[in-house]
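The structure under discussion appears below in the form of C-alpha cells.
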Amino acid sequence: MDRVVRKPFVPVAASLLVAALLSVPSAQAGRADTGTADDAAEHARVADLIDAGYFARAEQRIATHGSPPPAAYDEHTLAFQRERMRRIRLDFSLDTAATKDAVRRSIPDLRDDEFERWDRQGLLEHLDIDGTRFYFKRAPSNLFRLSDEAHARRRADAPLPSDGPFEHLTPYHANVVEAATASGQSSVLPQRVEVTQSLTVKADAVPAGTTLRAWIPYPRAIAGQQEQIQWRGSTPDQARIAPASALQRTAYLEGTAVAGQPTRFEIRYALTVQARHTRIDPAVVRATPTDPALAPYLAEQPPHVRFTPALRLFSDQVLQGETRPYEVARRLFDAVDRIPWAGAREYSTLTNISDYALHAGHADCGQQTLLLITLLRMNGIPARWQSGMVYADDAVGYTNLHDWGALYLAPYGWVPMDVTTGRLDSPQPALRDFYFGGLDAYRIAFNDAVSQPLVPAKRFPRSDTVDSQRGEVEWDGGNLYFDQWNYDFQSHIVPLAVKR
C-alpha cells in the first residue's frame, strides 16, 4: 500500500536483519478453498506460478482450466489471477536501467558492482517475470531505508520523505501518560475532528452515461477511542452508510460518468477521538482465559494469518522458551518492530502477507501488523487488526494511511498496539512503550478486521482485497483499479469548546 508511515532509518541493523530473515525457509501460503478440491488445487498451482514469475505458464493454465469471467466474481477465482498479474506488472514497472537511473539521482557516481551487490542482498526488491528482471517501483527509494551503506552514499542534498509527526517522542505523548495517570482513565484528551474524504474517477475511465458505484471508508464507533460520529453530508447525496456492525465500514454512493469529466464522490463527517494509555504491570498479567469470544482471535485466518513452519521457527528463536504472556507479547512486539519499514507492494498481489513480511527483510505497517498478529495468536495471545487514517494538527498538514492493532492481556482486556511506530526513544518505560498498550488521538479507524465484505457487496474483486482505506469503485464492466482514480482525506481539528 502506498504508505509513508515508517520507522526511522536504522544504521547497520537493517542489513543484518535482512540477512537473518532471508535465511529462514519460506512457507507455502494458504489459500481459500472455493468450488471443488480440483478447482482449489488448480488455483493454488496458478498462484504459485505467478509468485515465482512464470506468468506465461500461468496464463496458459488459466486459458486451459479457466472459464470466461462471470458477471460477478471475487479474488478466489482463476479469473482474478489474470488480474493479479496485471497488478504485479504495475508494481514491478522498472527494468534494470530505469532502476539504476533512479538510484543515481541520489548516488550520481553509483557503480555497477555495488548495485549488483545490493541486488544480491535483497535490498532492491525485484521479480523475474518470464526470465526478465523487473524491479518494484519503490525499490530505489526503499534502498535508502534498508542499507546503511547506500544511505551513506547519498548526495548531501538528496531528499528523503519526512517522518510522521508522532513517529518520534513528543510532548504530546507525555501529556497523554500524565492525563491517564492523573485521571485513572485509559481514554483521555479527546478532540473533535471534521473530515472530508473523496474519491475521484479519472475522466473517460468508463463510457459516458455509465453508473459508477463507489465505497468510501467511514469510521466505526469504538467505545473509549472514537465516538459521537456525526454524518454531515455527501456528494452526490443519498449515501448509504454501512451498519455500525460492519467490520470494514464504508459509505456507498452512485454517480453517472460524463464524457471528458472526472466523477467525484465526497463524504463529510465529524467525530470525537481520544488518546489511549493503559498502565500494564507485567507481574499481574496472566494466561489468556478460556472464552469463546476470544477464540476467533487465536485462530489462523487464511490466507494472511497462517501458523507456518517458518513462523514457528522465527517465534522459537525470538522467545527462547519464554512462556509468560506479557514477556511473550513484549518480545514478539520488539522483534517485529526491528524489521525495517519500506514502501509496500499492493496487498492484493500477495498470497500470504505475514509470510512475506518475515522473508522480505522489510515491511510496511500492515505487513508488520499481520505478522505480529500471527505470531501472537500462534503463542496463545489474542490479537486483532485495526486500520484507517492518521493525521496531525492543522498547521502540520499531515495525513496518511496506517494499520495497527490490539492484543488481549488478562486481566486488562484488549489494549492497543502499534508495532510500526514501535518503541519511542525514552528511558521512561511509560513513554518508551507508549504504543504497546496505547494510541495517540491522531488516527481514525475504519476497520477492525481484514478482508471483510463491503455493504452493499461488490460484484468484482476489490482493488485492495485486504484493507479498506482509500476506497473502492466499480461499474458494470468490472472493478476500477487504483490507476484509474484518486483519493483524498482532509481533516480539521475543532476545539471542543466551539459548537458546530
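By this note's numbering, the letter at position 6 of the sequence shown is numbered 217, and the numbering carries on one by one without gaps.
We put the CB at the ideal spot given by N, CA and C, even for glycine.
Inter-residue spacing [alpha-carbon to alpha-carbon] between residue 509 and residue 321 = 48 Å
Shortest alpha-carbon distance to residue 715 belongs to which of 403, 261, 524 and 528?
-> The structure shown does not extend to residue 715, since the chain is modelled only from 212 through 711, so no value can be given for it.
Determine the extent of the beta strand (DSSP E) in which residue 627 is found, giving its start and end residues.
-> Per DSSP, residue 627 belongs to the beta strand (DSSP E) from 624 to 628.
Residue 588 (DSSP reduced to helix, strand or coil) = helix
Of the listed residues 436, 689, 643 and 255, nearest to residue 673 (C-alpha basis) = 689
Cα-Cα separation between residue 443 and residue 677, rounded to whole angstroms = 28 Å
Contacting residues, own chain, Cβ-Cβ under 8 Å from residue 660 (five flanking each side not counted) = 458, 459, 595 and 596
In chain order, what residues of the same chain lie with their CB nearer than 6 Å to the CB of residue 581, ignoring the 5 residues before and after it?
-> 515, 564 and 565
Could you pull out every unbroken alpha helix (DSSP H) segment of at least 4 residues lying fully inside the region 473 to 537, listed in chain order?
-> 520 to 530
Span of the beta strand (DSSP E) around residue 700 = 696 to 705
Start and end residues, beta strand (DSSP E) containing residue 399 = For residue 399, the enclosing beta strand (DSSP E) stretches over residues 398 to 412.
Evaluate residue 335 with the Cβ neighbour count: other Cβ atoms within 10 Å of its Cβ, from every protein chain shown; 16 or more gives buried, anything less gives exposed.
-> buried
Residue 587 and residue 540: beta carbons closer than 8 Å?
-> Taking the C-beta atoms as reference points, residue 540 is found nearer than 8 Å to residue 587.
Who are the near neighbours of residue 309 in its chain, counting only those whose CB is closer than 8 Å to its CB and skipping five residues on each side?
-> 346, listed in sequence order.
Beta carbon of residue 430 nearer than 8 Å to that of residue 437 = Going by C-beta atoms, residue 430 is nearer than 8 Å to residue 437.
Residue 571 burial status per 10 Å Cβ neighbour count (16 or more: buried) | buried
Would you report the Cα separation of residue 535 and residue 506, rounded to the nearest angstrom?
-> Taking the Cα positions, residue 535 is about 20 Å away from residue 506.
Are the region 543 to 561 and the region 294 to 305 in contact at 8 Å, needing three or more beta carbon pairs?
-> yes
Let me know the secondary structure DSSP gives residue 266 once reduced to three states.
-> helix
Residue span of the alpha helix (DSSP H) that contains residue 292, given as start and end | 289 to 302
Is residue 245 helix, strand or coil when you go by DSSP?
-> Caution applies to residue 245, whose pLDDT of 45 falls short of 50 and renders its modelled position unreliable; the value that the coordinates give is listed next. In the structure shown, residue 245 sits in coil (DSSP, three-state: anything other than H, G, I, E or B).
Rounded to whole angstroms, how far is the Cβ of residue 409 from the Cβ of residue 699, which I believe are closer than 8 Å?
-> 5 Å
How far does the beta strand (DSSP E) with residue 363 in it reach, from first residue to last?
-> Taken as a continuous stretch (DSSP letters only), residue 363 belongs to no beta strand (DSSP E), being part of the alpha helix (DSSP H) at 359 to 364.
Measuring alpha carbon to alpha carbon, tell me which of 519, 450, 576 and 355 ends up nearest residue 375.
-> Taking only the C-alpha atoms, the option nearest residue 375 is 576.
Within 10 angstroms of the Cβ of residue 632, are there 16 or more other Cβ atoms? Answer buried if so, exposed if not.
-> Residue 632 is buried by the Cβ-count criterion.
Identify, in the order they occur along the chain, each residue of the same chain with its Cβ nearer than 8 Å to the Cβ of residue 526, setting aside the five sequence neighbours on each side.
-> Correct list, in chain order: 543, 586, 589 and 590.
Using alpha carbons as the reference points, say which of 593, 664 and 352 lies closest to residue 501.
-> Comparing alpha-carbon positions, the option among 593, 664 and 352 lying closest to residue 501 turns out to be 593.
Rounded distance between the beta-carbons of residue 686 and residue 413, thought under 8 Å | Not confirmed; about 13 Å, so no contact.
Quick one: is residue 379 buried, meaning 16 or more other Cβ sit within 10 Å of its Cβ, or exposed?
-> exposed
If you draw a straight line from the C-alpha of residue 348 to the C-alpha of residue 552, how long is it?
-> When only Cα atoms are considered, residue 348 and residue 552 end up about 16 Å apart.
Helix, strand or coil at residue 601 according to DSSP, with G and I counted as helix = strand
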